[in-house]
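Chains as they are written, first to last, in this note's numbering: chain A, 120 to 331; chain B, 2 to 226. Heads up, the beta-carbon is just placed ideally off N, CA and C, and yes, glycines get one too. Note that the structure is a prediction, hence the values are computed from the model and not measured. The structure appears right after this line, and notes come after that.
Next comes the structure, spelled out in structure tokens:
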């Protein structure tokens with residue numbers, strides 16, 4: 120039960136601070152999101168720049184890059200995910216403790232980017248793990264990563280503790296482990312996790328509409 | 002230092018019986034290359050390193066040459082039965098026929114050799130050395146030049162990975178870029194990548210073709226059910 124904003128301001132004037140458990144909980148969570156320390160390609164350089172003094176990701180409570188997935192809350196997929204690397208990325212995601220979030224940074228991580236039609240690049244990491252925020256760009260500027268981070272904070276702030284749309288870590292029945300693709304003779308097996316990446320609406324007709 | 006033409010002559014006189022040929026590059030750069038038979042490659046490579054001064058292999062790569070079909074018009078004479086003045090007779094006739102010939106394809110390993118000793122004072126460009134396999138399917142072995150130029154080690158592994166040339170005498174011939182379980186050779190010209198064209202938001206050209214093929218297949222599978 121949220122407190123009405125007007126009432127909250129009025130009470131604040133009287134020196135009374137009211138909040139909800141939900142708000143307090145999410146306020147704490149969203150301001151100490153610790154990213155995992157790993158980079159995949161050139162986007163990682165922009166990610167590093169974001170953490171340094173000029174852009175200063177520490178303002179958002181995310182200055183501590185953890186070198187272990189066990190201690191990290193956020194995975195920034197910073198760069199091209201090759202098919203050879205994809206199983207390791209999914210395995211690292213599996214090793215992270217809930218609640219965990221994923222930012223897919225840059226054209227390669229969200230779709231394969233300029234390497235999309237290559238034989239060795241995954242067409243977006245969202246085929247195997249759920250992605251919370253996608254950032255376009257090649258590479259995205261640090262401001263874009265900060266924007267993605269703020270978007271994630273807004274998303275965390277809006278998460279309810281109960282009900283159908285509660286996050287995975289509060290849902291005992293939610294799927295916690297995602298199948299790690301196996302490298303096989305021609306491609307990764309399976310090539311896509313349909314539970315995470317259902318075929319986007321209109322995919323079957325995409326393209327024909329534009330050319331017709 | 003010597004040009005490629007002179008080097009061919011030098012090799013032939015220094016190593017009698019060696020199978021070396023000049024591959025002419027008709028472009029203005031005129032960077033001709035040396036083609037050497039697989040069985041003579043190690044001898045030639047050792048000579049080039051020790052006597053001709055090519056002490057560094059700066060690059061090694063592969064080329065895939067598909068089967069080449071050439072058609073030619075040939076005139077032949079044949080005896081044909083024909084009605085001549087109402088009587089069946091055997092008459093010789095000149096017939097023009099199209100003869101198709103298939104030149105078998107092959108895989109080629111290309112090495113770029115450079116002389117660190119001579120460096121920029123060398124008036125000739127880096128030397129290009131080529132070796133060809135017998136075909137593209139099962140006889141794809143070539144001798145490894147890693148014992149001569151150590152820098153070829155990883156590049157030969159890359160050629161093995163992407164083109165499927167098997168280098169005999171290589172110390173550690175494993176795939177370099179693709180995973181171990183992978184069976185194809187992606188840089189071959191007949192490589193077909195996996196059909197994951199189910200979602201192409203902005204298809205064009207080749208991608209559009211593949212996406213349409215994928216949709217047609219999906220529609221056919223839908224119809225069969």
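Min CB distance residue i to chain B below 9 Å
i: residue 312 of chain A; result: no
i: residue 202 of chain A; result: yes
i: residue 264 of chain A; result: no
i: residue 327 of chain A; result: Unreliable placement is indicated for residue 327 of chain A, whose pLDDT of 45 sits below 50; the coordinate value is still reported in the next sentence. Interface residue, yes.
i: residue 341 of chain A; result: Nothing in the structure corresponds to residue 341 of chain A, since chain A is present only between 120 and 331.
i: residue 298 of chain A; result: no
i: residue 132 of chain A; result: no
i: residue 319 of chain A; result: yes
i: residue 331 of chain A; result: Any reading at residue 331 of chain A must be qualified, since the residue scores a pLDDT of 35, below 50, and its modelled position is unreliable; no value is offered.
i: residue 333 of chain A; result: Lying before the first or after the last residue shown, residue 333 of chain A is absent from chain A, which here runs from 120 to 331.
i: residue 315 of chain A; result: no
i: residue 145 of chain A; result: no
i: residue 239 of chain A; result: yes
Residue-level contact to chain A via CB, residue i, 9 Å cutoff
i: residue 180 of chain B; result: yes
i: residue 197 of chain B; result: yes
i: residue 111 of chain B; result: no
i: residue 207 of chain B; result: yes
i: residue 164 of chain B; result: no
i: residue 187 of chain B; result: yes
i: residue 225 of chain B; result: no
i: residue 161 of chain B; result: no
i: residue 200 of chain B; result: yes
i: residue 192 of chain B; result: yes
Inter-residue Cα distance where the pair is residue i and residue j
i: residue 99 of chain B; j: residue 82 of chain B; result: 22 Å
i: residue 250 of chain A; j: residue 196 of chain A; result: 9 Å
i: residue 216 of chain B; j: residue 142 of chain A; result: 47 Å
i: residue 189 of chain B; j: residue 239 of chain A; result: 14 Å
i: residue 154 of chain B; j: residue 171 of chain B; result: 7 Å
i: residue 287 of chain A; j: residue 181 of chain A; result: 21 Å
i: residue 123 of chain B; j: residue 3 of chain B; result: 9 Å
i: residue 242 of chain A; j: residue 158 of chain A; result: 18 Å
i: residue 276 of chain A; j: residue 58 of chain B; result: 59 Å
i: residue 335 of chain A; j: residue 133 of chain A; result: Residue coverage of chain A in this structure runs from 120 to 331, which leaves residue 335 of chain A outside it and unanswerable.
i: residue 176 of chain A; j: residue 223 of chain A; result: 17 Å
i: residue 326 of chain A; j: residue 227 of chain A; result: Annotation note: pLDDT 45 at residue 326 of chain A (below 50); position unreliable, coordinate value reported separately. For residue 326 of chain A and residue 227 of chain A, the distance between alpha carbons rounds to 21 Å.
i: residue 174 of chain A; j: residue 168 of chain A; result: 7 Å
i: residue 182 of chain B; j: residue 278 of chain A; result: 42 Å
i: residue 79 of chain B; j: residue 89 of chain B; result: 16 Å
i: residue 222 of chain B; j: residue 203 of chain B; result: 24 Å
i: residue 156 of chain A; j: residue 164 of chain A; result: 12 Å
i: residue 184 of chain A; j: residue 140 of chain B; result: 52 Å
i: residue 331 of chain A; j: residue 205 of chain B; result: Only weak support exists for where residue 331 of chain A lies, its pLDDT of 35 falling under 50; the coordinates are left without a value.
i: residue 96 of chain B; j: residue 64 of chain B; result: 40 Å
i: residue 329 of chain A; j: residue 126 of chain A; result: Per-residue confidence for residue 329 of chain A stands at a pLDDT of 42, beneath the threshold of 50, marking its modelled position as unreliable; no derived number is given.
i: residue 34 of chain B; j: residue 131 of chain B; result: 7 Å
i: residue 233 of chain A; j: residue 225 of chain A; result: 11 Å
i: residue 166 of chain B; j: residue 114 of chain B; result: 20 Å
i: residue 147 of chain B; j: residue 125 of chain B; result: 24 Å
i: residue 281 of chain A; j: residue 290 of chain A; result: 9 Å
Residue from the options whose Cα sits closest to the Cα of residue i
i: residue 179 of chain A; options: A/268, A/315 and A/281; result: A/268
i: residue 168 of chain B; options: B/130, B/4, B/134 and B/25; result: B/134
i: residue 158 of chain B; options: B/43, B/29, B/62 and B/9; result: B/62
i: residue 294 of chain A; options: A/212, A/232, A/275 and A/255; result: A/212
i: residue 198 of chain A; options: A/210, A/254 and A/187; result: A/254
i: residue 302 of chain A; options: A/264, A/126, A/215 and A/201; result: A/201
i: residue 171 of chain A; options: A/264, A/311 and A/128; result: A/264
i: residue 192 of chain B; options: B/150, B/173, B/163 and B/213; result: B/163
i: residue 38 of chain B; options: B/91, B/46 and B/201; result: B/46
i: residue 209 of chain A; options: A/299, A/130, A/317 and A/319; result: A/299
i: residue 191 of chain A; options: A/152, A/318 and A/273; result: A/152
i: residue 12 of chain B; options: B/142, B/173, B/136 and B/36; result: B/36
i: residue 32 of chain B; options: B/5, B/41, B/51 and B/22; result: B/5
i: residue 162 of chain A; options: A/206, A/283 and A/229; result: A/229
i: residue 247 of chain A; options: A/140, A/296, A/216 and A/160; result: A/296
i: residue 68 of chain B; options: B/195, B/104, B/74 and B/77; result: B/104
Where residue i meets chain B, residues with beta-carbon distance less than 7 Å
i: residue 306 of chain A; result: 195
i: residue 236 of chain A; result: 208
i: residue 303 of chain A; result: 182
i: residue 242 of chain A; result: 197
Distance cut-off 8 Å: residue i Cβ against heavy atoms of the ligand COA
i: residue 204 of chain A; result: Although the ligand COA was asked about, the structure shown includes no ligands whatsoever.
Listed by chain order, chain A residues near residue i by CB distance under 8 Å
i: residue 48 of chain B; result: Under the 8 Å cutoff, chain A gives no residues; its nearest Cβ is about 38 Å from residue 48 of chain B.
For this session: Please specify which runs of the beta strand (DSSP E), each continuous and at least 3 residues long, are wholly inside the stretch 198-264 of chain A, giving them in chain order.
Result: Within the stretch 198-264 of chain A, the complete beta strand (DSSP E) segments at least 3 residues long are 220-224 and 252-254, listed from N- to C-terminus.
Problem set entry | Complete alpha helix (DSSP H) runs within the stretch 121-199 of chain B (minimum length 4 residues, chain order) | Complete alpha helix (DSSP H) runs here, min 4: 153-164.
For this session: Please go through the stretch 155-188 of chain A and give each complete alpha helix (DSSP H) segment of 4 or more residues, from N-terminal end onward.
Result: Unbroken alpha helix (DSSP H) runs of no fewer than 4 residues, entirely contained in the stretch 155-188 of chain A, are found at 162-170, following chain order.
For this session: Counting only runs of 3+ residues fully inside the stretch 57-87 of chain B, write out the beta strand (DSSP E) ranges in chain order.
Result: Counting only runs of 3 or more, we get 57-66 and 69-85.
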